[in-house]
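**Student:** Protein chains in written order, with my numbering: chain G, 32 to 391; chain A, 32 to 391; chain D, 32 to 391; chain H, 32 to 391.
Protein chains: 4
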Amino acid sequence: MGDSFGQLFRIMSFGESHGPGLGVVIEGCPAGIPIGAPDIQAELDRRRPGQSKLVTPRKEKDQVEILSGIFEGHTLGTAIGLLIRNADVDSSKYEDFKDKYRPSHADYTYDAKYGRRDWRGGGRASARETAARVAAGAVAKRVLSTRCPEICVVGWVAQVADVTAAVDPSSVTPDAVDAHPTRCPDAKAAADMETAIQEARKARDTVGGVVSCVVRGVPAGWGEPVFDKLEADLAKAMLSIPAAKGVEVGSGFAGTLLRGSQHNDPFVMSDGEVRTTSNHSGGIQGGISNGEDIFLRVAFKPVATIFQSQDTVTSDGRATTISPKGRHDPCVLPRAVPIVEAMVSLVLCDHMLRQRARQP
Amino acid sequence: MGDSFGQLFRIMSFGESHGPGLGVVIEGCPAGIPIGAPDIQAELDRRRPGQSKLVTPRKEKDQVEILSGIFEGHTLGTAIGLLIRNADVDSSKYEDFKDKYRPSHADYTYDAKYGRRDWRGGGRASARETAARVAAGAVAKRVLSTRCPEICVVGWVAQVADVTAAVDPSSVTPDAVDAHPTRCPDAKAAADMETAIQEARKARDTVGGVVSCVVRGVPAGWGEPVFDKLEADLAKAMLSIPAAKGVEVGSGFAGTLLRGSQHNDPFVMSDGEVRTTSNHSGGIQGGISNGEDIFLRVAFKPVATIFQSQDTVTSDGRATTISPKGRHDPCVLPRAVPIVEAMVSLVLCDHMLRQRARQP
Amino acid sequence: MGDSFGQLFRIMSFGESHGPGLGVVIEGCPAGIPIGAPDIQAELDRRRPGQSKLVTPRKEKDQVEILSGIFEGHTLGTAIGLLIRNADVDSSKYEDFKDKYRPSHADYTYDAKYGRRDWRGGGRASARETAARVAAGAVAKRVLSTRCPEICVVGWVAQVADVTAAVDPSSVTPDAVDAHPTRCPDAKAAADMETAIQEARKARDTVGGVVSCVVRGVPAGWGEPVFDKLEADLAKAMLSIPAAKGVEVGSGFAGTLLRGSQHNDPFVMSDGEVRTTSNHSGGIQGGISNGEDIFLRVAFKPVATIFQSQDTVTSDGRATTISPKGRHDPCVLPRAVPIVEAMVSLVLCDHMLRQRARQP
Amino acid sequence: MGDSFGQLFRIMSFGESHGPGLGVVIEGCPAGIPIGAPDIQAELDRRRPGQSKLVTPRKEKDQVEILSGIFEGHTLGTAIGLLIRNADVDSSKYEDFKDKYRPSHADYTYDAKYGRRDWRGGGRASARETAARVAAGAVAKRVLSTRCPEICVVGWVAQVADVTAAVDPSSVTPDAVDAHPTRCPDAKAAADMETAIQEARKARDTVGGVVSCVVRGVPAGWGEPVFDKLEADLAKAMLSIPAAKGVEVGSGFAGTLLRGSQHNDPFVMSDGEVRTTSNHSGGIQGGISNGEDIFLRVAFKPVATIFQSQDTVTSDGRATTISPKGRHDPCVLPRAVPIVEAMVSLVLCDHMLRQRARQP
């Protein structure tokens, strides 16, 4: 339990940070979707370590191998197995504190839960597992773009520390996002973010921030009433990402300050379609897409691994200090963008299939 | 799909606002839990309409009938069927706009999804469905309190419009919350919130706000790695509640402004237990409870039904205006507290069983 | 767990034999299916007690009440709640042996599992729960007949004790089955079966038998590879029915005596369609329907309640004897036919939706 | 969908016969179970091709690689990834009939379902996928034997063609089963079976048969009421195995000929335990284990691949003949034994966890 996600487009992921490898199996992918390893690799390359000086220097090519489910350039409809080998594994840095609980990591909680853990590189709790999400998300993206070509999922870094970006969700493009290593499409903010990240790194510290994501082109009618509302499934997807501590859809927390008369989105007809003149709902009403842009924001706490001495305890209950070594990101935000997009794509692909299942 | 929730403690709810009734079936409840209709009724009474002048005057006793699964004062281990009849149904107020899409309601999205809808009182999309959540949550609460007596789930209204409360999560009590009709345990803020609600009502308008919830006494080890992290399942639960648009766990969005050295929660030994000296993590690390208080906040948008004329369209695509009538809450926050507590209890009960399943 | 069934067309049932009532909630039913209480009642009337002298005289009208999900004569797409009150409840007959384990009933195993049980009329283990299956199955049948009008599900009694019927699966009709109280469409065998049942009743004993079921008109392509093969899901559905102890699809156990050259079903083209000239596969190949008639057989053991003194033990471990009283069927086969049909319909409706979800 | 199995001990398998490899991911395995690759390999060796002259000469070592979830000789509680590379792949034999539907194979139904298929070696529909079942089943077996050391799962070949074995389920041992290449522990029958298989092979034909399986040592209380009865989940597991066409539990079809007075299993006290003096129930009553031996039988049709010319059609609808080549088993029964045991172990392990989840 906990290693799988989705109802109809369902994935099960596996892999520890310093084990032989990690991967994911996808069941329920429709047949006949054109896709190959390069399509998946392109998304993995956006997430992988070492892509810029802003992220961890761990050298992982994150090369994906397709084990099953794709034949002659198309999905077969059968389970798709994807494998990524761990290559640049150096567990020696972790030997020193294999019995010490790193603050705000999952060392203690894994021990409490399981009675044991793979201490090398964080084991299963390492954010390295997100490579499997991105690989599966690449398939989901391709299913969406094949079946609903108008859909476009775009995430970007909206905030780092106290630097915020001004971005128009209705027009931002993937290219604009990827143009800067911060993945912030507001050039001025991007430069300030880079400074903030470098300052934190010099201080042997880390910073957090916010990723925003918009999905344009989702037709009205996706999402289910009551428990599987589209924003509910998106919220679960977002808070399952390592270091995520908050999510908001549409107006979110800011919307609590508006009155109903300000917040309601009036309906109008436009080119024969029902549209709204504002979008405080973030494209979802009653849990179901209304055809407007779906908009969400995800809060990421600062990275827990800081290169400073911190108080902690050992697994046998003695007070001690810890001074982490290894290779780490001073800020996860730039690499979080493809992860957010992957999880959003997985949720949407699942709900597309759920809606198609019952349509006449 | 969408009417059920949970993995091991699993519920399926049903019911339209103006149909014969609504209810819920619970499967997977352990046997031998002492419970009766009054236990469930007590929670329903906290949610039901007409309990104070701050909420809708719809007169629903929300009387629960136990149809199965409880015998001689204890759960049998078999499916528990709970039924609540709709009593004070007046669909005439909805006749006028059965073909008009109420702004920021689910009228349009249900039509887009299903091609039809029960227009009476919002049908399945009415927040009346939350009675089923509260009934099931009452059973979950009782399972938790029987198996883990130290667990205490307390929600409260933390914000209404721009009025915010000062409440100490480590000591707030259910009695303090229920002492005021706003369900805000900060007396000064409660009075201001009441004023804000009454002002909105007079302006034929509505207000939103924030519900906070703390869970004390959860042992370390609940929650699953990767996708079913405790905060992920809580986030889904929260954003499945009608009108919820955001959720944060622990430091949430505010935490994005801290550096890692400020945000990390140092471990210490206390009375032989591993504890942390701060709780920015909100009691969850790596998706798994660490024994500290679990803390979350949920944003609720202002109620969509305002007694003002608004622009909208008809189901056959003509521009029109709508002036809602009927009985409605100017602010859902006070009634949202038992709903938040119910959903939190359902998630925790589920994860308690998941953790017990695999322990030696 | 255990009270729900299906993936996309998913039901959760509840109810003890002598509690207030029993019922079922259906989630995932497509919207716009024309159906009303009489459609469901018609199937319930085929299952209900007291319909002939061959079955238990318990007087239950099994009147279904639709609680939700159906509006203006059509399904809404939301959860359908169905309730059947228990009316003719007489628990006094069970008082005498509330502490004795009835042989080959579930009294002991429920106690072993749950530590308690509702001893009145068998509680949750009573075959009375099958009314909920039949009610849900009636909805499934209607969904199938609306979306795939060519589909016809026909079950019949193929064997009672050692009396076997000669029936042609390719042409047998529901009317022919219901024409005789045994639900055997072979008149000669039906008469002999009736005699066998009456003889067993006179001997205060019971008999078992076999129900066959054919489904004509299923298109090729339903069913999933590997674990959710159509025959696997049908087998689960069949062996979940009380008293069922075996199931076979197509050639079944008899097919083990054939050689491959005799068993293989050669393909031919017929009216532009791929067909087979024999049907040892029972309409399913590799777990997926091939367009031929789906054929299965289900073995039912003789009813466990016999009006004879039997050796058993008490719940506190003392040897004793038991002489059941109450109202019971000497043979469940006639009433099992609508149950088998209901479960087959639920499986097919689920797989129809699963297949539709992924088609272009 | 269709590639995963189980609720709490849940597997997702993948792999085509002639693709890069096949494998399985297991989620929900308890932590701390001692296991290593040799334990899994031992079961795979019982299933693999080429182990005797009775089975296909395809040379596959079926070497398992553990990708995750096992560390320092014990399960971590996290997802276990297992990979088996395909080594001895020869697709050339399939080139000739890539457009012809092999009778009683899944070629046609996969095309009908997906619009495409991997024609090499049967693709996903090849029985080669059962290696993944056996690998996962080996882990399940180890979990069972660690948590419930008294449990023993023993399958054997009970019938080949018309040769039936006399075997005592209460005492048969795994060693006795594996002593003969037929996996029939009745020496006389084993010899006759071998003859029957060799005769079929010489006739370029195939034979079917029956695998029996007993599970000793299951405590009372496993299995769930209504839909997830132990025999229901076992039936699904069995009929998901390629070529299985029937299953019976306890008395099965033969039990339909008994009267209730003959079939009922009287309870007695024995060494302070509730036991039965006969076991027509096959160890399961009301869907829940009663502490007696669980007994089931599975019918396997003769292998579809026969080396004879057969009538069939092409994928574009022309009549043709087909003369299969390649490497095939004349009888799957000997290799089916570890597969049956694996699936039985998966079901039991799942139900053990389900029962533990709710116990006090």
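For each residue, glycine too, the CB sits at the ideal point set by N, CA and C.
Reducing DSSP to helix, strand and coil, say where H:F36 ends up.
**Tutor:** strand
**Student:** Given that A:R148 touches chain D, what residues does it touch there, using C-beta distances under 7 Å?
**Tutor:** Here the neighbours are L107.
**Student:** Return no unless some Cβ of chain G is closer than 7 Å to the Cβ of A:G317.
**Tutor:** Chain G places a beta carbon closer than 7 Å to that of A:G317, counting this residue as a contact.
**Student:** My parser needs the alpha helix (DSSP H) runs of 4 or more residues fully inside the region 61-123 of chain D; what are they?
**Tutor:** 68-78
**Student:** List the residues of chain D whose Cβ lies closer than 7 Å to the Cβ of H:A156, in chain order.
**Tutor:** P256 and G317
**Student:** Looking at C-beta atoms only, is the number of pairs between the region 72-80 of chain G and the region 184-193 of chain G that lie closer than 8 Å three or more?
**Tutor:** no
**Student:** Per DSSP, which one or two residues make a beta bridge with A:K131?
**Tutor:** A:T345
**Student:** Using the C-alpha atoms, what's the distance from G:V245 back to D:F284?
**Tutor:** 57 Å
**Student:** Do three or more CB pairs link the region 343-353 of chain H to the region 121-130 of chain H at distances below 8 Å?
**Tutor:** Using a Cβ-Cβ distance cut-off of 8 Å, the region 343-353 of chain H and the region 121-130 of chain H are in contact, since at least three pairs of beta carbons, one from each stretch, lie closer than that value.
**Student:** Would a check of beta-carbon distances place H:L261 closer than 7 Å to chain A?
**Tutor:** no
**Student:** For the pair the region 254-264 of chain H and the region 240-255 of chain D, tell me if three or more CB-CB distances fall below 8 Å.
**Tutor:** no
**Student:** For A:F36, go through chain D and note every residue whose CB falls closer than 7 Å to its CB, in chain order.
**Tutor:** Listed along chain D is no residue with a C-beta nearer than 7 Å to that of A:F36; the closest approach is about 11 Å.
**Student:** Evaluate the contact criterion for the region 366-373 of chain D versus the region 216-236 of chain D: three or more CB pairs, one atom per stretch, below 8 Å.
**Tutor:** no
**Student:** For G:R159, I'd like the list of residues in its chain whose CB is within less than 6 Å of its CB, leaving aside the five on either flank, ordered along the chain.
**Tutor:** The beta carbon of G:R159 sits closer than 6 Å to those of S48, all from its chain and outside the five residues before and after it, given in chain order.
**Student:** In the structure shown, what three-state DSSP assignment does D:E160 receive?
**Tutor:** helix
**Student:** Does the beta carbon of G:R89 come closer than 7 Å to any beta carbon on chain D?
**Tutor:** no
**Student:** Would G:V242 and G:G186 qualify as a contact pair, given that the criterion is a beta-carbon distance under 7 Å?
**Tutor:** In this structure, G:G186 lies closer than 7 Å to G:V242 by Cβ.
**Student:** Are the beta-carbon atoms of D:Q38 and H:T140 separated by less than 7 Å?
**Tutor:** no
**Student:** Quick one: residues in its chain with C-beta nearer than 6 Å to the C-beta of D:A207, no 5 flanking neighbours on either side, listed in chain order?
**Tutor:** Only P216 meet the Cβ criterion.
**Student:** How should D:A118 be labelled, buried or exposed, when 16 other C-beta atoms within 10 angstroms of its C-beta is the threshold for buried?
**Tutor:** Flag for D:A118 reads exposed.
**Student:** Could one say the Cβ of H:E230 lies closer than 7 Å to chain G's Cβ atoms, at least one of them?
**Tutor:** no
**Student:** Where does H:F48 fall in DSSP's three states?
**Tutor:** The sequence as given places Ser at residue 48 of chain H; Phe does not occur at that position. Looking at H:S48 - three-state DSSP - the assignment turns out to be coil, as it is neither helix nor strand.
**Student:** Taking 7 Å as the CB-CB cut-off, is G:F102 touching chain H?
**Tutor:** yes
**Student:** Of all the CB atoms in chain H, is at least one closer than 7 Å to the CB of A:A388?
**Tutor:** yes
**Student:** When we look at the beta-carbon of D:E126 and count the other beta-carbons within 10 Å, is it buried (16 or more) or exposed?
**Tutor:** exposed
**Student:** Using CA coordinates, which residue listed in A:I57, A:M269 and A:H294 is at the minimum distance from A:V375?
**Tutor:** A:M269
**Student:** Could you check whether H:G59 and H:F36 sit closer than 7 Å to each other, using their CB atoms as the reference points?
**Tutor:** Cβ distance not < 7 Å, so H:F36 and H:G59 don't count as in contact.
**Student:** Which partner residues of A:R385 appear in the DSSP bridge assignment?
**Tutor:** DSSP links A:R385 through a beta bridge to no other residue.
**Student:** In chain order, what residues of the region 330-359 of chain D put their CB closer than 7 Å to some CB of chain H?
**Tutor:** Cβ proximity to chain H below 7 Å picks out A330, F331, K332, P333, V334, A335, I337, Q339, Q341, D342, T343, V344, G348 and A350 from the region 330-359 of chain D.
**Student:** Spell out whether any CB of chain A is found under 7 Å from the CB atom of G:V25.
**Tutor:** An answer regarding residue 25 of chain G cannot be provided, because it is not within the stretch 32 to 391 covered by chain G.
**Student:** Is it true that the region 326-333 of chain H meets the region 271-288 of chain H, where meeting means three or more beta-carbon pairs spaced less than 8 Å apart?
**Tutor:** yes
**Student:** Pick out whichever of A:T336, A:V95 and A:Q390 has its Cα sitting closest to the Cα of A:S135.
**Tutor:** A:T336
**Student:** What residues in the region 50-77 of chain H have a beta carbon less than 8 Å from any beta carbon of chain G?
**Tutor:** G50, P51, G52, L53, G54, V56, E58, G59, A62 and G63
**Student:** Relative to the C-alpha of H:D360, which candidate in H:L53, H:Q390 and H:R89 has its C-alpha closest?
**Tutor:** H:R89
**Student:** Hey, is the region 297-311 of chain H in contact with the region 298-318 of chain D, meaning 3+ C-beta pairs nearer than 8 Å?
**Tutor:** The region 297-311 of chain H vs the region 298-318 of chain D: no contact.
**Student:** Kindly list the residues whose CB is nearer than 6 Å to the CB of G:D34, restricted to its own chain and excluding five residues on each side of it in sequence; keep chain order.
**Tutor:** Excluding five sequence positions before and after G:D34, the CB atoms of its chain that fall closer than 6 Å to its own CB belong to M43 and S44, given in chain order.
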